[in-house]
Amino acid sequence: MNLLKLVILVTLTTLPAIAEEKKSGRPSWSYPAVTVSGYSVMNADSELAAGDSIKRDSYGLSLNYRQPISRHWFTSLSARYDILNFDFSSDTLFRNNIARFEDVKRYGGSLTLGYRSDDSWMYMLSPSFQYAYSQQANAADASSWGVVAMAFKTFKSGNAFGLGLAYLNDINDVRVMPYPVITWQINDEWKLTNPFEAGFTGRAGLEIGYSGIQNWQFGFGSAYRVERFLADQAKNTIEVSEVVNFLRGSYFFSKETSVSAYLGYKVASELELNDSGITEQLDPHGAGAVSFNYKF
C-alpha cells in the first residue's frame, strides 16, 4: 500500500499549486519545477501481546520533477527512498510463525501525465512501481506496481473537488479503491484538504489548516495508513495498518521552502501476516515527525 501512497502523494501535491494559480492567474505547470522532500518519524514504544514490545522509526527522501508539454499538458517524474526501522523485543512473531525482522528498505518511482481543460477540469494518470523488503528478504521478490487515475474541477475561489481511482498490484495482493480529492478554502484563513506531506500522514484522510499568521500554517486531522512489505526469504508479507490523529505546524521561509513538525497519536495499529488473519495488535501510542520541502 505504500506504492499507492507514493502516487497519490505526487498527484495531491499538485492541488495547492492549482489553488494558488486560480488566485494569481499564473498557470502552475507553465514552468519546470523540481521539489525535494524529506522526513523523519519517531514512534514511542508500543506493547504487543504476551508482554512483548516494538519500537518503530522511519525516514525518507523524495524527488519530483514537473515539466510542461503544452498549454494544456504537463508531466512529472518522481522517485522516493525510505528506511523503516523495526525493533522487536521478541525473536519470533505471529505465534512463532516467523523470525523477527529489522530494517525495511522501500524505493520506487512514478510518471504522471496531466491535462488541464479550458473549463477548469484536471485529469491525471500515474503509473508507478515500488520495491519494499526487509534485510531478511530478496529484493527481486518484493516488486509491486499500480496505476492511479484522477479527475477534479477547480474553481475561482481556489477550491478543488474530484475523485480518484487506484489499482494496486502489491506484493501478494491486488486492490482497487476510490478516494476523494478535496481542497476547500473555507475562508481566507481556514482550509479543508487531503494531507499531502510525505512520511507521517496517510493517503486516506482529511486535515483542517489555519494560515492566519504570516509565514506559519497550522493543521489538525486524521488519516489512515497502510504499509506492506516482504519480510523474509519464505516470501511472507507483513501489512502494518493504523489510524493517525495529528497536529501540524509548518513554517514557510519562502514560497519554495518550508519545514513542518508533527505530533500524533496512533490507534487501531496492527501487523498482519500474509492476509491470514494472524495479527499482532499494538497498543495506542504517541509519535512525532519533522519534514521539509524545497522547490527550485
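Counted the way our numbering counts, the sequence shown spans residues -6 to 289.
Beta carbons are placed, not taken as given, at the ideal position from N, Cα and C, and that holds for glycine.
Computed from a prediction, not measured in an experiment: that's the story for all the values here.
Which value, in whole angstroms, describes the spacing of the CA atoms of residue i and residue j?
i     : j    : result
Q274  : T85  : 15 Å
F211  : A254 : 10 Å
V219  : M115 : 27 Å
D96   : F87  : 18 Å
D80   : R93  : 9 Å
T105  : G257 : 31 Å
S17   : I201 : Residue confidence for S17 is low, a pLDDT of 47 falling below 50, so the modelled location carries little weight and cannot support an answer.
S82   : D45  : 6 Å
Y108  : S127 : 38 Å
E265  : I47  : 14 Å
V167  : F122 : 14 Å
M(-6) : G151 : Residue placement at M(-6) is flagged as unreliable, the pLDDT there being 49, under the threshold of 50; a coordinate-derived value is accordingly withheld.
E40   : F145 : 42 Å
P156  : I175 : As written in the sequence, residue 156 is Leu, which differs from the Pro given in the question. Going by the C-alpha atoms only, they are around 9 Å apart.
D276  : S119 : 36 Å
F75   : R59  : Before going further, note that residue 75 is Asp rather than Phe in the sequence given. Near 21 Å, if we compare the C-alpha coordinates of R59 and D75.
Measuring alpha carbon to alpha carbon, tell me which residue in the options is nearest residue i.
i    : options                   : result
S247 : A216, N208 and L264       : N208
F171 : M143, E182, D163 and N152 : The displayed chain sequence assigns Pro, not Phe, to residue 171. The residue with the shortest Cα to Cα distance from P171 is M143.
A125 : F145, R49, R73 and D181   : R73
F67  : G31, M117 and D112        : M117
A130 : Q226, R99 and V141        : Q226
F222 : M35, P25, R64 and R99     : R99
V233 : A159, K146 and A261       : A261
P25  : K48, P61, N90 and G31     : P61
F239 : T250, S215 and Y203       : S215
K288 : E249, S269 and L264       : E249
N57  : K48, S110, K149 and S71   : S71
K149 : W177, V167, F122 and V169 : W177
A133 : A224, R241, G270 and E263 : A224
N173 : A153, I179, N180 and W183 : Residue identity check: residue 173 is Pro in the sequence provided, not Asn. The shortest C-alpha separation from P173 is found at A153.
S110 : V141, S63 and D75         : S63
S103 : V236, S69, S113 and V237  : S69
A135 : R49, R241, G101 and L158  : G101
K294 : L158, R241 and V236       : With the chain represented from -6 up to 289, any question about residue 294 goes unanswered, as that position is not in the structure.
Within its chain, find whatever has a CB closer than 6 Å to the CB of residue i; leave out the 5 residues flanking it on each side and keep chain order.
i    : result
Y252 : Inspection of the sequence shows that residue 252 is occupied by Val rather than by Tyr. Once the five neighbours on either side are set aside, the close Cβ partners of V252 are Y244 and F285.
L77  : S51 and V97
F193 : V34, Y255 and A282
G31  : L54 and F285
K184 : Q178 and G202
T28  : N57 and K288
Using C-beta distances below 8 Å, list every residue in its chain close to residue i, excluding the 5 sequence neighbours before and after it, in chain order.
i    : result
N162 : S137, W138 and G139
N267 : N165, N229 and T230
E182 : Y203, S204 and G205
What first and last residue would you give for the beta strand (DSSP E) that runs through residue i?
i    : result
P120 : W114 to S127
G44  : Here G44 belongs to no beta strand (DSSP E), and DSSP marks it neither H nor E.
D75  : W66 to F81
S234 : T230 to F245
E95  : Looking at the DSSP string, E95 is not in any beta strand (DSSP E), and its letter there is neither H nor E.
S253 : T250 to L266
R218 : W209 to L223
A291 : Residue 291 falls outside the range modelled here, since the chain spans only -6 to 289, and no answer is possible.
G31  : A26 to N36
I271 : I271 to L275
Excluding sequence positions up to five away, which residues of its chain have a Cβ less than 7 Å from the Cβ of residue i?
i    : result
A37  : H278, G279 and A280
S33  : Y52, A282 and V283
A42  : E273 and Q274
G198 : N187, P188, G214, S215, A216 and Y217
N90  : L266 and I271
Y160 : G139, V140 and V169
Please confirm if residue i has its CB atom under 8 Å from at least one CB of chain C.
i    : result
K259 : In the structure shown, chain C does not exist; there is a single protein chain.
Q: Only counting runs of 3 or more residues, tell me where the beta strand (DSSP E) segments fall wholly within the region 147 to 193, in order along the chain.
A: 153 to 163, 166 to 178 and 183 to 186
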